[in-house]
Each structure stands twice: as structure tokens, then as C-alpha cells.
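**Q** Heads up: the protein sequence lines correspond to chains A and B, in order.
Going by the working numbering, the first residue of the first sequence is number 1, and it counts up by one from there.
Going by the working numbering, the first residue of the second sequence is number 1001, and it counts up by one from there.
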Amino acid sequence: MQYLDFEKGVAELEGKARELRALARDDAQMDISEEVERLEGKSSALLQDLYGKLTPWQKCQIARHPERPHAQDYIGALFDDMTPLAGDRGFSEDHAVIGGLARFRNEPVMVIGQEKGADTQSRLHRNFGMARPEGYRKAIRLMDMADRFNLPVVTFVDTPGAYPGKGAEERGQSEAIARATEKCLEIGVPIVTAIIGEGGSGGAVALATANRLAMLEHSVYSVISPEGCASILWKSADRAQDAAAALRLTAQDLKQLEVIEEVVPEPVGGAQRDPKAAITAVGDAVARHLAELRAMSRDEVRKDRREKFLQIGRVRLS
Amino acid sequence: MNWINNLSLPKINDFFQRREMPENLWRKCENCEQMIFHRELKQNLYVCPHCEHHMRISPTERLESLYDFGAYTVVDVPDPVADPLNFRDEKRYTDRLRDARRTTNEKEAVVVAHGRIGDVDTVSAVQNFGFMGGSMGMAVGDSLLKAAETAVERKSPLLVFSAAGGARMQEGILSLMQMPRSTIAVQMVREAGLPYITIITHPTTGGVTASYAMLGDIQIAEPNALICFAGPRVIEQTIREKLPEGFQRSEYLLEHGMLDMVTPRTRLRAELVKILRMLMQLPMLPAGQLPEPGSLVRDDEPEMSEVEAAEQPDGSAVKSSDPQS
Ligand SMILES: [Zn+2]
């Protein structure tokens, strides 16, 4: 387990418990169960306490936790017959965006996700989940196909943002994102999005302009990273904590602002501590929203999505 | 540029030290550093007559220079919820807004208007970089939606002049939500079978580029405008290399297939009239029938001749210093 800065206390307690258990393995006479139990009780109480009062900045760190389940984990666990489809048919395949035909609780759907990668090699391969124009154009292609074959679209959003690279700009990063957002609004099949980690700005919007948005409890969705915001408005990236708070980027705030429909609870200590539970909870939420949308006609689906975005902005946070 | 610049510039500087001219009479081009008589600059729509550098033009002046006889009607856009996040950095968002309103004399970063351009009823939305960097918040999205609704009601084409440093960070996620919201505006116009033309001006960046600016039926950019998703500094920090000359400028985007044309501001109106009339299935205007646009020069502005000849900063350097012009 990789501990975050604010989890130091938990790390110490869990470390002690681990040490004790290691000692006991070498010495059969030693009775440690009581002490281990005490330490574990203490650490889980501390974890519960910490996770009950997370600051927005701490949530950003959790959202970026490398051991948090990523799109591929969700797709692997929740979908059957996953058939990956590749390429934008124009320039290349973008490994930051995965997608394909799959069955979700028996029904065929089109699933698209931003994948950050799980180790150094796969992170490089996935470009840390930062898509280039080809990734968005591939998503457009898959959404178009979903529309033609009447398949609902499920997307998993987890990206620091679209890739700020030379080639990406030259090949029309802006245009690709704009067209993907447009495609989301255009298709007559439902889109349900789960934000499972970081929803980074326009790079996220392109796959999150959905009928229903569910967000994991400690995920974030923001117009700019707290670091970026801090360096512009506070003229110092060190003020990222303040920026994170001011931006109101937590799932709870976004629910209140009516930008998302549902906050999906995470296990105590975050999705990274119990990926299976988090994945199941997200799956249930997606299934619920899809079921609600299933009865709608194509026109109603489009209208529902459009109305939702037109209505946004009427709420003021206290 | 040419010999006369080198000769005349010091003289101009002398002149300014000697006698303080009213600031609005002359302006120094930030690109070629030549002095330009303000009236002439306005006549040239804030394009430097020496180097073609496009300076900022206010939404009002933009509209005056486009609409026939300078006549247009501003479309009122209802105010969105003010400061929805109760945002504060070093300064309160409400204070920043108040300052922007005071300095620009505008309510928000987009002005919506309708009127006739080349005798075609046309709706325009003009983004104002001078208003908090033209940043896209609720008001910008609402303005684009209002502009689209107006275009659909009037069965008129929609022109959008983009200019933005990016998102209105002080509105957080609501700023981001203007990407889909403004895209809905574009779709409304498209569904009505009406032309949607974007005129991309310096600078157009971030979520604005990645939404309505790049969704035009026709995309026109002013020369040398910075047009990008990620800004050059961010890219240089990411890839750790210097970017090529002209990267992310209009001409570069044109070469990379992202624009239909790069058109100087002084030729824009003629270009738009031609396009609008064709897309709206209207006949060509007979020669000499194109209504005049409005003039940016007000009657009370001094003529060049009113500046005493003796005190002119080497008049030759002002009007016709460049033998090519
Ligand atoms: Zn100049």
C-alpha cells in the first residue's frame, strides 16, 4: 500500500502491526493477537476519522492515487465479452483511450475509458491517461457506431487532462475535443459516465457530456488542476490547497451544483484500499442509471442530455 | 523595416519628451514600434498600417465596423447567478468582476447583437478579451445560447468572434460546463440549417478553442492570432523543447488544416458578405451596392491637419513612411 502524506499515522500503526506479525512468525511462543488487534483497531479508527473529514486537496491526492482502480480494472471486472476496438482511422491508435464492444450485465454496450496505466511501463504506454486528438477521434468513431447499432455508451473518466504536446496541438487537439463533446450531445443512445479518479478539464468533458454522471466519493472534476489554478491566481503553485478548496471540485460540491447525478460511496480509506468494493459500487450505479434511461426514445435521450446541460448553473453554493 | 524608421523614431521620441501629446492622439505599435496617428489606426480597424499587426478592437467597434451603416441592435442577455462558488483568491471574484465592468463598460465578456451585414440579417456574438481575458463563465455560455436562439428566431446566420485566455476559473466546474453548453448553441444553429461562422482572434485558447471556436461551418482567423488548446508555455514545460517559430499561430493552423482562411481585419467584412450571401442563397450585390459599414472615427476627433504642422512628429513617418504602403 502506498500511503499518502496525510495517512502517515495510519502507515505507522499498520507498519507496527506488520512487524509484530513478522516477529510472531519466527517465534511460535509469542502471543501477539491482542496487540495486533489493538493496533489494527486503532489504525482503522484513524483511517475512518481521516476519511470522514478530507480536505479538497486531500481528495485530489486520493483521486490520483496510483493504486486506485483504473478504467481497465472496471472494464475487466464489470463487463463480459470485452472486444477492444482500436484506432481513429486517420492517424493512429491512442493507448490513453480504451474502448470497445462489451456486455454489461448481459446487455451489449459500447464502453470507452481513459486509462492511466498501473506501472511505469504501462503508464508510459498509456501516456498517463492523457489523450491525444486520436484518442478523442477514436471515441467519436465508437460513439457513432454505438448510435447506429443502438448501444448505450458507458464511459470511465480518469485523466489529468488532454495531452499538451506539440503533435497533439498540430493535429487539432481543440478540434478533436470539440467534436467529441458535440458527438456526445448528438447521439440518440444514452451515455452514462463514471468519474473514477481525476476529471481533468476539457480532456474529461469530451467523454463526460453524458445523460448521467456518477462520481466516486473521492474523485475530483475540475476546470483546471489546483496547481495550475494556484500558479495563475495565487502566483504560486504552493497554494494548490487553497485553489483546490476554492474550485469546489469535489464530488459532493458537484452534486450540490447539479453537475453530477450521484456520488458513489467509496470503502473506508478510499477505492485504493478495496478496489473490488469500489468497482462493484460503480457498476451498480451505472446499471441503475442505464435502466432509467432505457425507456427513453432516441429523441428523449438527446433532449434529456441537452436539458441537463442547459439547466446547469442555477444553483449557488453556500 | 526601412531607412525612415531608424531616422524618424528618435525624432518622435524627442517630440514626446518635448511636448506631451494627448495619449489618444498617437499610439505606438507594440510590434513595429512605429507611431500611428490614432484616427488613422481607427480607420484601419486597429491594424497597424506599417506592419499589419492586429491590435485589440473592442466589441462595440467590431460591431460598428461590420454592420451596415454601423447600425445594430444589442441583444440583452439575462444575468446568470453571480459568483456561484463564492470564489476568492487574493481578491474576491465579485471585486474582479466589478473592476472588469468598470474598465470595459460592459456587463460581461460577450456582446450579442443583430443587424444587417451586406444586407444580410446576421447575429453576432463578440467575445471581449479586455473583460477578464474574455474568460468563459456562465455569462459567456448564456450569451452564446442567446445568440443562437436569436439567430434561429430570425432565421439568420450566426457569427462568433472568439477571444479568450481560457476558462473563468472563478466559476470552477461551471466554467467547464460552458464547453457542452456552447456546443448546444452551435447545434441549435446547425439544426435550423443556418450558417455558423467563427472568426478566431488573438488569443483564443483552452476550452473556448476546444468548443465553439472549432465547430464553425467556416473558420476564419485573423493574422498571427494565437490559437491553441494548451498554451505554448505549458507545452514547452511538458516536452522540454523549444517550439518552432509561428507555432499555434493562425498561419500555422491554416497549414495544419484547422482553418479555412486567415483574413486580415480590413478585408474581413467583404469576405463575410460574400460568404453570407452565398450560404443564404442571396444574389450577388451589384457593384457599388454594398452598404458602407460604420466608421470608428467620431466627428469630434481631431484631424491630422489640426495638429500643428511644426509640431508634427515628422509627419512623413506617420502616414507614408513605408514606401510599400
Ligand atoms: Zn506595426
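Glycine residues also receive a C-beta, built at the ideal position from the N, C-alpha and C atoms.
None of these values were measured; they are calculated from a predicted model.
1) Helix, strand or coil for Q1324 (chain B), going by three-state DSSP, please let me know.
2) Which residues in chain B have a C-beta closer than 7 Å to the C-beta of P164 (chain A)? List them in chain order.
3) Compare the C-beta of N1086 (chain B) with all C-beta atoms of chain A and state if any pair is closer than 9 Å.
4) For ligand 1, which residues count as neighbours when the test is a C-beta closer than 6 Å to any heavy atom?
5) Identify each residue in the region 1168–1183 of chain B for which the Cβ-Cβ distance to at least one residue of chain A is less than 7 Å, and report them in chain order.
6) Thinking L1189 (chain B) and Y1212 (chain B) are a contact (beta carbons under 8 Å), I'd like their distance in whole angstroms, please.
7) Using only CA atoms, which one of B:E1033, B:L1025 and B:E1040 lies nearest to T1266 (chain B)?
8) Starting from the N-terminal side, write out each stretch of the beta strand (DSSP E) that is 3 residues or longer and does not extend beyond the region 1154–1218 of chain B.
9) Do the region 17–37 of chain A and the region 297–313 of chain A touch if we need at least three Cβ pairs shorter than 8 Å?
10) Between G202 (chain A) and A162 (chain A), which are expected to be in contact by the criterion C-beta below 8 Å, what is the C-beta distance as a whole number of angstroms?
11) How would you call F309 (chain A), buried or exposed, if buried means at least 16 neighbouring beta carbons within 10 angstroms?
12) Does any CB atom of chain A fall closer than 9 Å to the CB of V1186 (chain B)?
13) Pick helix, strand or coil for Y74 (chain A), following the three-state DSSP scheme.
14) At the 9 Å Cβ level, is T181 (chain A) part of the contact set with chain B, yes or no?
15) Do T1263 (chain B) and E1292 (chain B) have their CB atoms nearer than 9 Å?
16) By the 7 Å beta-carbon criterion, what residues does the region 1127–1144 of chain B contribute toward chain A?
17) In whole angstroms, give me the CA-to-CA distance for A237 (chain A) and A230 (chain A).
18) Just to confirm my understanding: we take Q1034 (chain B), look at its own chain, exclude 5 residues before and 5 after, and list those with CB closer than 6 Å. What are they?
19) Say the cut is 8 Å; is the CB of D49 (chain A) nearer than that to a heavy atom of ligand 2?
20) Could you give the first and the last residue of the continuous beta strand (DSSP E) run that contains Y221 (chain A)?
21) How would you call M130 (chain A), buried or exposed, if buried means at least 16 neighbouring beta carbons within 10 angstroms?
22) Does the region 1282–1290 of chain B come into contact with the region 1114–1131 of chain B, if we say contact requires no fewer than three beta-carbon pairs (one atom in each stretch) closer than 8 Å?
23) Is the region 94–112 of chain A close to the region 145–154 of chain A, with three or more CB pairs under 8 Å?
24) Kindly give me the distance between the Cβ atoms of P1203 (chain B) and A1230 (chain B), rounded to whole angstroms, as I take these residues to be in contact under 8 Å.
25) Spell out the partners DSSP gives H1054 (chain B) in its beta bridges.
26) Checking contacts by CB at 9 Å: is S92 (chain A) closer than that to chain B?
27) Could you check what DSSP says for L249 (chain A) in three-state terms: helix, strand or coil?
28) Give me the subset of the region 1207–1226 of chain B whose CB atoms are less than 8 Å from a CB atom of chain A, sorted by chain position.
29) Which residues bound the beta strand (DSSP E) around V1110 (chain B)?
30) Quick check: what's the CA-CA separation for E1052 (chain B) versus E1236 (chain B)?
31) Show which residues of chain B have a CB atom less than 8 Å away from the CB atom of E169 (chain A).
32) Consult DSSP for D5 (chain A) and reduce its assignment to one of helix, strand or coil.
33) Closest to V1075 (chain B) by C-alpha separation, out of B:F1069, B:A1148 and B:G1294, would be which residue?
34) On the CB-based measure, 16 or more other CB atoms within 10 Å of its CB, does Q114 (chain A) come out buried or exposed?
35) Determine the chain B residues that contact W234 (chain A) at a beta-carbon separation under 7 Å, and present them in chain order.
36) Roughly how many angstroms lie between the CA atoms of D1260 (chain B) and G270 (chain A), to the nearest whole one?
**A** In short:
1) Residue placement at Q1324 (chain B) is flagged as unreliable, the pLDDT there being 36, under the threshold of 50; a coordinate-derived value is accordingly withheld.
2) A1230, V1234, I1235 and T1238
3) yes
4) B:C1029, B:N1031, B:C1032, B:Q1034, B:C1048, B:H1050, B:C1051 and B:H1053
5) M1169, G1172, I1173, L1174, S1175, L1176, M1177, M1179, P1180, R1181 and T1183
6) Note that residue 1189 (chain B) is Val in the sequence shown here, rather than Leu. Not a contact, Cβ separation roughly 10 Å.
7) B:E1040
8) 1158–1164 and 1196–1204
9) no
10) 6 Å
11) buried
12) yes
13) helix
14) yes
15) no
16) M1138
17) 5 Å
18) H1050
19) This structure lacks ligand 2; its bound ligands are ligand 1.
20) V220 to S222
21) buried
22) yes
23) yes
24) Wrong, their Cβ atoms sit about 13 Å apart, outside the cutoff.
25) B:V1047
26) no
27) coil
28) G1207, T1209, A1210, S1211, Y1212, A1213, M1214 and L1215
29) V1110 to I1117
30) 28 Å
31) C1228, F1229, A1230, I1235, F1247 and Q1248
32) helix
33) B:A1148
34) buried
35) D1089 and E1090
36) 49 Å
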